[in-house]
Amino acid sequence: MSQEKSSSSSKVTGMLTLDELRERVKKEEINQVVASFPDTYGRLLGKRFDADFFLESCVEDGTHCCNYLLSCDMDMDALPDYLNKSKEKLYSDFHLVPDMKSLRLVSWKEKTANVMCDIYDHHALEPFAPRTILRRQIDVASSLSYKIFAASELEYYTYENSYRDARANNYQQSKLKTVGDYRADYHLLQTAREEKYTSLFRQHLKSSGIPVENSKGEFGPNQHELNIKYSEIFTMADRHVIYKQCLKEIADQLGIAVTFMAKPFTDISGSGCHLHISVTNSTDGSNAFVGDENISGTDMKCSSLFKHFLAGWMKYTPDMMVFYAPTINSYKRYMTASFAPTYITWGYDNRTTSFRVVGQDKSLRIECRLPGADCNIYLAFAAALASGLQGIKDKLPLPSMYTGNAYEAKDLPQIPKTLRDAVQLFENSTFARQAFGDNVVNHYAEFYRNEQMVYDKFVTDWERSRYFEQI
258 MSQEKSSSSS
268 KVTGMLTLDE
278 LRERVKKEEI
288 NQVVASFPDT
298 YGRLLGKRFD
308 ADFFLESCVE
318 DGTHCCNYLL
328 SCDMDMDALP
338 DYLNKSKEKL
348 YSDFHLVPDM
358 KSLRLVSWKE
368 KTANVMCDIY
378 DHHALEPFAP
388 RTILRRQIDV
398 ASSLSYKIFA
408 ASELEYYTYE
418 NSYRDARANN
428 YQQSKLKTVG
438 DYRADYHLLQ
448 TAREEKYTSL
458 FRQHLKSSGI
468 PVENSKGEFG
478 PNQHELNIKY
488 SEIFTMADRH
498 VIYKQCLKEI
508 ADQLGIAVTF
518 MAKPFTDISG
528 SGCHLHISVT
538 NSTDGSNAFV
548 GDENISGTDM
558 KCSSLFKHFL
568 AGWMKYTPDM
578 MVFYAPTINS
588 YKRYMTASFA
598 PTYITWGYDN
608 RTTSFRVVGQ
618 DKSLRIECRL
628 PGADCNIYLA
638 FAAALASGLQ
648 GIKDKLPLPS
658 MYTGNAYEAK
668 DLPQIPKTLR
678 DAVQLFENST
688 FARQAFGDNV
698 VNHYAEFYRN
708 EQMVYDKFVT
718 DWERSRYFEQ
728 I
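Residues in the sequence shown are numbered from 258 upward in steps of one, following my numbering.
Structure (structure tokens):
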């Protein structure tokens, strides 16, 4: 991941300027524009506009959405805290302002473009909005003369059932049809059978402003990893959510299902979202992780800034865990010998550690293997940046590198076991409140606590199977 040049510094296939949009609308090549924004889960919400109306009205004036959309659960039910505390602004409007730098074709939809929007409450950025939270951490990095580059490695499962059929069968594993019958990890024969889907994913991503590197089989049957090219961190976050939307919409068109659950079933591998981050100097674009200091136990060199950034990222992992693992299901991925970490450790090119240092010289970077595919990428990136930058400010010392199998580690800090534990750590974190502000921490603590509460009330199939007859 060379840091010499941002991938967004030259024109990317599928990205549009406003003039290009006007020209394509005039030629009737585009007739609708989707104005979208990520919610607290990282899902895309928004509106579909007639392209002429978008150009006439929305480019300059933006549009609106109901303000409960950042205060609701997966089923679009408003959170109790919103209903109790927002009576003066209950179900009033947010202002959506198109970020025209994000304008792109949507090649899998006929004559369609997409633009990401920032959320404003009156004339100020809405502090709870995921894009705002990431922007503010990027601003901190900029104030220190750093520019951040990142990549997100998403894993997912594909099933040859439509979403509607899968839902009708309660997503039972026995009713879901896999494309292949065995592990597809780098397996070319098995992944060839899935190319009828995966090749479409790659083609449409590339045609929609998301440069693709490669795809490969992963450790689970019909599990894939499709990698897109690194970029400046905010651009990467936008690409990430468009990527997920692209795959789901194409799957829907094909009558199949793609899932980004962290752990779809007990007996198969979980799906991760590994974060790759490097820090560059704003002045000359050089990789600020490169230096003359030794990386203990290797023949690699690094800078003191690298050590401080990694130390901060590690130190504040427990406090930030809700942003890496935001659902009940997230924590079922962290199992021994699962390729998902269980201890907060770092190592050089060691896939059993939470933090894997990879690359050398200009490509030296840190891979964080903690987040699941279910994370909200804006919040995960914001958590990583806030933690690493605090490590730089405080010049934190880097813990010793772990060698060998990190699943066998002793006396090292463990990853929180449940969402309940993670919410408590987040809510009580002085660091989180300093980094994001009390209002943001309180808002997201309430959001995740509600997720836990909904689960706690629900009677599961496992409970009936275990207790219905024998208790």
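C-beta atoms are modelled at their ideal positions from N, C-alpha and C, and glycine is treated no differently.
Any idea if Leu483 is buried or exposed, counting beta-carbon neighbours within 10 angstroms, 16 or more meaning buried?
buried
So if DSSP puts Ile672 in a beta bridge, which residue, or which two residues, is it bridged to?
Partner(s): none; Ile672 has no beta bridge.
Do Ala630 and Cys530 count as a contact pair if the criterion is CB distance below 8 Å?
yes
Within a Cβ cutoff of 6 Å, which residues of the same chain sit near Phe580, ignoring the five residues on either side of it in sequence?
Leu636, Ala637, Ala640
Whether Phe596 touches Trp603 by CB criterion (8 Å):
no
Check each candidate in Ser686, Asn418, Ala386 and name the one with the smallest Cα separation from Met373.
Ala386
Kindly indicate which residue of Ser465, Ser456, Asp296, Ser400 has the alpha-carbon position closest to the one of Lys368.
Ser465
Please report the residue range of the alpha helix (DSSP H) in which Pro295 lies.
Not the alpha helix (DSSP H): Pro295 falls in the beta strand (DSSP E), residues 289 to 295.
Where does Asp576 land, buried or exposed, given buried means 16+ other C-beta within 10 angstroms?
buried
According to DSSP, is Arg690 helix, strand or coil?
helix
Residues in the same chain with beta-carbon distance under 6 Å from Glu708, minus the five sequence neighbours each way, listed in chain order, please.
none
Exposed or buried, which one is Gln647 when buried takes at least 16 other CB atoms within 10 Å?
buried
If you follow the alpha helix (DSSP H) that Met493 is part of, which residue opens it and which one closes it?
490 to 511
Report the rounded CA-to-CA distance for Val615 versus Val711, giving the unit in angstroms.
40 Å
When the Cβ atoms of the stretch 395 to 405 are set against those of the stretch 427 to 446, are three or more pairs found closer than 8 Å?
no
Distance CB(Cys625)-CB(Leu532) smaller than 8 Å:
yes
Going by DSSP, what residue range makes up the beta strand (DSSP E) through Val547?
Run containing Val547: none; DSSP gives neither H nor E here.
Hey, Arg690 and Val698 are a contact pair by Cβ (cut 8 Å); roughly how many whole angstroms apart?
5 Å
Hey, how far is the Cα of Phe458 from the Cα of Phe294?
22 Å
Just reading off the beta strand (DSSP E) that Ile534 is part of, what are its end residues?
530 to 538
To which residues does DSSP link Ile376 through a beta bridge?
Leu353
Quick check: the stretch 552 to 570 against the stretch 493 to 513, are at least 3 beta-carbon pairs closer than 8 Å?
no
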